[in-house]
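Note sheet for the following structure.
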Amino acid sequence: TITPDTVFRLGSITKQFTSAVILQLAEEGKLSLSDPLSKYLPGYPKPGADVTITQLLNHTSGIKSYTAIPGFMSSGKIAQAFTTDQLIAEFKDQPSDFAPGSKFQYNNSGYVLLGAVIEKVTGKPWHVAVDERIVKPLGLTSIRYGELEATTPKMAAGYSEDGGKVVPSRPIHMSVPHAAGALIGSVEDLAKWAEALHKSKVVSNAHYAQMIAPTKLSDGKTADYGFGLKPDKLRKRDVIGHGGGIPGFDTASVYVPADDVFVA
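According to my numbering, the sequence shown holds residues 120 to 383 in order.
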């Protein structure tokens, strides 16, 4: 039976948490959103080295998304543990998809790199920084790194379809989705998180405004994406949301500011 405290893999809903930690570090003067990636990962090759933190946050970096590299997600590799450096090595030498800032293209590599920046700045694994800065202060007891699934109470089992049959989802080591998608948690705790985030108890008003604002591209066009959150319309109402997909789980979350309602 699914209850409000059943725990699911959150997939890319994780990106909100990663973004929030980056913005907190910016507020503390430990990084600037205009900093190039090379400031934190000095060995990263060009042109990716010149990409800014902002361009990683809003998917305008042009860096190749590792989940889009042919064969990567369908290989047995995803069941293996990766260090952050090993995961970055999977995509860092791939050619860029476009010039930074010129286009929006959803990109999991950008959030792995943000996780790496968090690790460089804090000296801790990205998920430990999330735990210390967000989870513990807000009392979000179920939200944690997915590698802890085996010891998590009320953890849902994930399934996939294979040839018309429902089967247990194929294995993925949670170091693979990393800061782009490796958190787990309950609807109850996501609602507490939304309450804190959307009422500016997590980041400053100015940074929250950037999280939910559409992205301006270099040609003047805009893309409906902020920092780990997407401004959107649902039944003619303005909403802010994000979904996620990960083996065995499909997630969606949406906040309706006019009604102060959150659904996941």
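Every residue, glycine too, gets a C-beta built ideally from N, C-alpha and C.
Q.
At 3 residues or longer, what runs of the beta strand (DSSP E) sit wholly inside the segment 281 to 313?
A. Runs of the beta strand (DSSP E) spanning 3 or more residues and lying entirely within the segment 281 to 313 occur at 284 to 287, 302 to 305, in chain order.
| request: Have a look at residue 264 and residue 302 and give me their C-alpha separation to the nearest angstrom. | output: On the sequence shown, residue 264 is found 145 positions in, with the first residue counted as 1. On the sequence shown, residue 302 is found 183 positions in, with the first residue counted as 1. So the alpha carbons of these two residues sit roughly 5 Å apart.
Whole angstroms are fine: how far does the CA of residue 140 sit from the CA of residue 298?
In the sequence shown, the residue the question calls residue 298 occupies position 179. In the sequence shown, the residue the question calls residue 140 occupies position 21. C-alpha separation (whole angstroms): 11 Å.
Distance CB(residue 241)-CB(residue 235) smaller than 8 Å
The residue labelled residue 241 in the question sits at position 122 within the sequence shown. The residue labelled residue 235 in the question sits at position 116 within the sequence shown. The beta carbons of residue 241 and residue 235 sit no closer together than 8 Å.
**Asked** By DSSP, does residue 178 sit in helix, in strand, or in coil?
**Response** Taking the first residue of the sequence shown as 1, we reach residue 178 at position 59. Under the three-state reduction of DSSP, residue 178 is assigned to coil, being neither helix nor strand.
When DSSP builds the beta bridges, which residues end up paired with residue 370?
Here residue 370 refers to the residue found at position 251 of the sequence shown. DSSP output for residue 370 lists 363 as bridge partner(s).
**Message:** Tell me the residue span of the alpha helix (DSSP H) that contains residue 136.
**Reply:** Translated into the one-based positions of the sequence shown, residue 136 becomes position 17. That run of the alpha helix (DSSP H) goes 133 to 146.
Margin query: Using only CA atoms, which one of 255, 328, 177 lies nearest to residue 221?
Written below: Working through the sequence shown from its first residue, we reach residue 221 at position 102. Ranking the options by Cα distance to residue 221, first place goes to 177.
Quick one: what's got a C-beta closer than 6 Å to residue 321's C-beta in the same chain, skipping five residues either side? Translated into positions along the sequence shown, residue 321 becomes position 202. Cβ neighbours of residue 321 beyond the five flanking positions: 139, 315.
Take every Cβ of the segment 302 to 312, pair it with every Cβ of the segment 365 to 383, and state whether three or more of those distances are shorter than 8 Å. Here the segment 302 to 312 lies against the segment 365 to 383, with 3 or more beta-carbon pairs under 8 Å apart.
Environment of residue 252 [buried if 16+ CB atoms lie within 10 Å]: Numbered from its first residue, the sequence shown carries residue 252 at position 133. Within 10 angstroms of the beta-carbon of residue 252 lie 16 or more other beta-carbons, which makes it buried.
Sort 189, 259, 319, 324 by Cα distance to residue 124 and report the nearest one.
-> As a working mapping, residue 124 is identified with position 5 in the sequence shown. Measuring from the Cα of residue 124, the nearest candidate turns out to be 259.
- CA-CA distance, residue 186 and residue 180? If you number the sequence shown from 1, residue 186 lands on position 67. If you number the sequence shown from 1, residue 180 lands on position 61. Taking C-alpha positions only, residue 186 is separated from residue 180 by approximately 15 Å.
With distance defined between alpha-carbon atoms, name the residue in 195, 367, 238 nearest to residue 127. Start at 1 with the first residue of the sequence shown, and residue 127 comes out as number 8. Just measuring C-alpha positions, the residue of 195, 367, 238 sitting nearest residue 127 is 367.
Terminal residues of the alpha helix (DSSP H) in which residue 236 lies:
Here residue 236 corresponds to residue number 117 of the sequence shown, with the count starting at 1. According to the DSSP assignment, residue 236 belongs to the alpha helix (DSSP H) that extends over 227 to 241.
Pick helix, strand or coil for residue 353, following the three-state DSSP scheme. Along the sequence shown, read from residue 1 onward, the residue named residue 353 stands at position 234. Under the three-state reduction of DSSP, residue 353 is assigned to strand.
- Query: What are the partner residues of residue 127, as DSSP defines its beta bridges?
  - Reply: Against the sequence shown, residue 127 aligns to sequence position 8. The secondary-structure analysis by DSSP pairs residue 127 across a beta bridge with 304.
Any chain D beta carbon closer than 8 Å to residue 161
In the displayed structure, chain D is absent; only one protein chain is listed.
Notebook entry, point to check: Which term fits residue 250, buried or exposed, when burial requires 16 or more other beta carbons within 10 angstroms of its beta carbon?
Noted result: To locate residue 250, count along the sequence shown from 1; it is residue 131. Residue 250 should be labelled buried.
Could you tell me the boundaries of the alpha helix (DSSP H) in which residue 247 lies?
To locate residue 247, count along the sequence shown from 1; it is residue 128. Residues 245 to 249.
Item to complete: Can you check DSSP and say which residues form a bridge with residue 342?
Response: Walking along the sequence shown from the start, residue 342 turns up at place 223. Its beta-bridge partners are 334.
### Cutoff 6 Å; reference residue 159; Cβ partners in own chain excluding five residues on either side
The residue you call residue 159 lines up with position 40 of the sequence shown. So the list reads 236, 239, once near-sequence residues are dropped.
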